[in-house]
Every structure is written in structure tokens, then in C-alpha cells.
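Please read the structure below before turning to the comments.
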Amino acid sequence: MTESTALSALTDHASIVDTLHRYAAGLDLGDADLLASSLTEDATVDLGPAMRRIGYDFPPLQPRETVVGALIAAVGPLDSSHSISNVRSTVDGDTATVHAYAQAQHFKPGVGSDPTVTRHALMMNRYTATMVRDGAAWRIKQLDIANAWFDGDPTMLLG
1 MTESTALSAL
11 TDHASIVDTL
21 HRYAAGLDLG
31 DADLLASSLT
41 EDATVDLGPA
51 MRRIGYDFPP
61 LQPRETVVGA
71 LIAAVGPLDS
81 SHSISNVRST
91 VDGDTATVHA
101 YAQAQHFKPG
111 VGSDPTVTRH
121 ALMMNRYTAT
131 MVRDGAAWRI
141 KQLDIANAWF
151 DGDPTMLLG
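The UniProt record's numbering puts the last residue of the sequence shown at 159; the count rises by one with no breaks.
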């Protein structure tokens with residue numbers, strides 16, 4: 001691998017990780033524009049595998065406008081914190097296959113920092129994504145979310 005190729009690979013990986021961080025921060029901050037910046041116009045986000053594991057049927061969301069509207073309405077008001085880790089990516093031209101973990105803690109609005117509140121929903125999810133290059137940035141075209149484990153009250157995730 002040449003120095004130029006190595007630098008390009010590192011730059012792509014950093015941008016791919018940034019895409020996942022924009023996605024997660026958009027959810028945690030209830031920021032529709034930030035969340036939208038991580039997605040292609042025709043993006044599909046499939047939370048079905050994660051939600052079925054805790055007893056809910058949840059259809060895939062598509063396109064970006066629907067994804068953003070549904071997720072901001074559901075997660076945006078919560079006191080939530082999504083942490084992305086273990087990001088692995090394989091780039092083939094302008095397409096990347098990405099695997100990562102996302103640990104997400106959820107509390108009802110306004111009570112997340114109250115140490116007496118114990119009702120929560122903590123999820124460890126596995127993300128599998130297809131991303132596409134959009135200029136210097138990467139965007140999520142397909143995101144499949146599967147649950148590895150869950151702790152707490154699944155009704156926290158309902159309005």
C-alpha cells in the first residue's frame with residue numbers, strides 16, 4: 001500500500017465514522033438537519049430486527065424524509081445517548097460496507113440526569129450499513145439495526 005493509498009483509506013474511514021456520529025448525534029440532539037446529513041435521499045433504515053427482539057413490529061423506513069420524521073419524533077424527545085464503537089469499513093470505489101456497534105441509553109424526557117430514576121431502555125445494537133460517497137462526505141444508503149442485548153423497559157421506546 002502506498003502512502004497516498006493509505007492516506008486515502010484513513011480519510012475515508014474517518015469520514016465514514018463521522019457519518020455514523022452525525023446519525024447518532026442527530027438522534028440524541030433531536031436535530032433533523034444533522035440526522036438528514038448522514039443519509040442519502042433514498043435511504044432505508046431497518047430497525048425491524050432490533051425492535052422484534054424486544055417485542056415490537058417496526059417496518060423499514062424509507063426515504064430520508066420518512067426516516068428523519070419518524071426517528072426525530074420517536075427518539076428526539078427522549079433523554080438519549082448513542083455511542084458508536086468498533087467501526088469496521090470496507091471501501092470499494094464510492095461504496096462502503098460498514099459494521100459498528102451502537103449502545104443507546106434512553107430515558108423519558110427531562111429525567112435522564114436524575115439519579116433516582118431507574119426506568120430506562122439500554123440497547124446494544126449491531127449496525128450494518130451500506131454507504132455511498134457524496135463529494136468529500138459519506139452518506140448512509142441502507143442501515144440495518146440488529147439487537148445484541150437489551151436491559152430495562154422496552155415501553156420506554158414508545159411515545
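C-beta: ideal position from N, C-alpha, C; glycine also.
Since the model is a prediction, treat every value here as computed from it, not as a measurement.
What's the C-alpha gap between residue 86 and residue 112?
Those two C-alpha atoms are separated by around 25 Å.
Using a 10 Å radius around the Cβ and a threshold of 16 neighbouring Cβ atoms, would you call residue 28 buried or exposed?
buried
Let me know the beta strand (DSSP E) ranges lying completely inside the UniProt domain "SnoaL-like" (9-143), each 3 residues or longer, listed in chain order.
Uninterrupted beta strand (DSSP E) stretches at least 3 residues long and entirely within the UniProt domain "SnoaL-like" (9-143) occur at 39-46, 79-92, 95-107 and 121-134, given in chain order.
Compare the C-alpha of residue 97 against each of 157, 33, 148 and 138 and name the closest.
138
Do residue 126 and residue 146 have their CB atoms nearer than 9 Å?
yes
Name the DSSP beta bridge partners of residue 151, please?
122
Beta-carbon spacing of residue 123, residue 54 below 9 Å:
One thing to note: residue 123 has its Cβ within 9 Å of the Cβ of residue 54.
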